[in-house]
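Peer 1:
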Amino acid sequence: QNPRPRSACCIAMQAGNLPPLDRVLSLEHRLRGGCDTSDRLDDPALQAEARALVPLDTLRARADAAPPDPRGMALFRQLMSWFKHSFFKWVNKPPCHACGGPTRGEGHGVPS
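The numbering used here applies: residue 305 is where the sequence shown begins, and numbers increase by one.
#1: Determine the DSSP secondary structure at Pro348, reduced to helix, strand or coil.
#2: State yes or no: is the C-beta of Leu363 within less than 8 Å of the C-beta of Leu383?
#3: Out of Pro372, Gly337, Thr407 and Asp368, which has the shortest C-alpha to C-alpha gap to Val395?
#4: Can you give me the Cβ contacts of Ala367 inside the same chain, cut-off strictly under 7 Å, excluding the 5 residues immediately before and after it?
#5: Taking 8 Å as the threshold (C-beta atoms), are Leu335 and Arg344 in contact?
#6: Please report the distance separating the alpha-carbon of Thr341 from that of Asp347.
#7: For Gly376 and Ala370, I'd like the C-alpha separation in whole angstroms.
Written out as C-alpha cells, the structure is:
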C-alpha cells in the first residue's frame with residue numbers, strides 16, 4: 305500500500321529546505337504545526353467522523369425545496385447555514401468547565 309501523499313511543507317522540511325533558524329526562530333515550529341494540521345486533515349478516519357456529524361439528507365431535502373439556483377450552490381448554501389446556525393456556537397464568555405459559572409477574559413495567556 306502506498307503511503308498517502310504529504311503536503312508541500314512536510315516535503316520541504318524533510319528535504320532540509322528551511323531558512324536558517326537564527327533568521328526566523330519560529331519558522332520550524334510553525335511549519336511543523338502546519339504539517340501536523342495538514343496530516344490530520346488528510347486522515348480518512350477523521351474525515352469520516354466529521355462527515356457523520358453533517359445531516360446531509362436533511363440538507364439535500366432543504367436544497368431541493370429551495371428556489372432553483374443557477375449556479376448549483378443550493379446544497380452548499382444549506383451546509384453553510386447549518387454550520388453557522390446549528391453546529392457552531394459563538395461564545396463570548398464560555399461557562400467554567402468546573403462549576404458552570406461565568407468567566408471573564410484575561411488577555412493572551414496560558415489557560416489555567
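Backbone N, C-alpha and C fix where the C-beta goes; we use that ideal spot for every residue, glycine too.
Peer 2: In short:
#1: Here the question's residue 348 lines up with position 44 in the sequence shown. Helix at Pro348.
#2: Translated into positions along the sequence shown, residue 363 becomes position 59. Translated into positions along the sequence shown, residue 383 becomes position 79. In contact: Leu363 and Leu383 (Cβ atoms closer than 8 Å).
#3: Residue 395 sits at position 91 when you count from the first residue of the sequence shown. If we check each option's Cα against that of Val395, Thr407 comes out closest.
#4: Counting from 1 along the sequence shown, the entry for residue 367 is found at position 63. Same-chain partners within the cutoff: Ala378, Leu379 and Gln382.
#5: Here residue 344 refers to the residue found at position 40 when the sequence shown is read from its first residue. Here residue 335 refers to the residue found at position 31 when the sequence shown is read from its first residue. Against a cut-off of 8 Å, the Cβ pair of Leu335 and Arg344 comes out as no contact.
#6: In the sequence shown, residue 341 corresponds to position 37, counting from 1. In the sequence shown, residue 347 corresponds to position 43, counting from 1. So the alpha carbons of these two residues sit roughly 10 Å apart.
#7: For this step, residue 376 is matched to residue 72 along the sequence shown. For this step, residue 370 is matched to residue 66 along the sequence shown. Those two C-alpha atoms are separated by around 11 Å.
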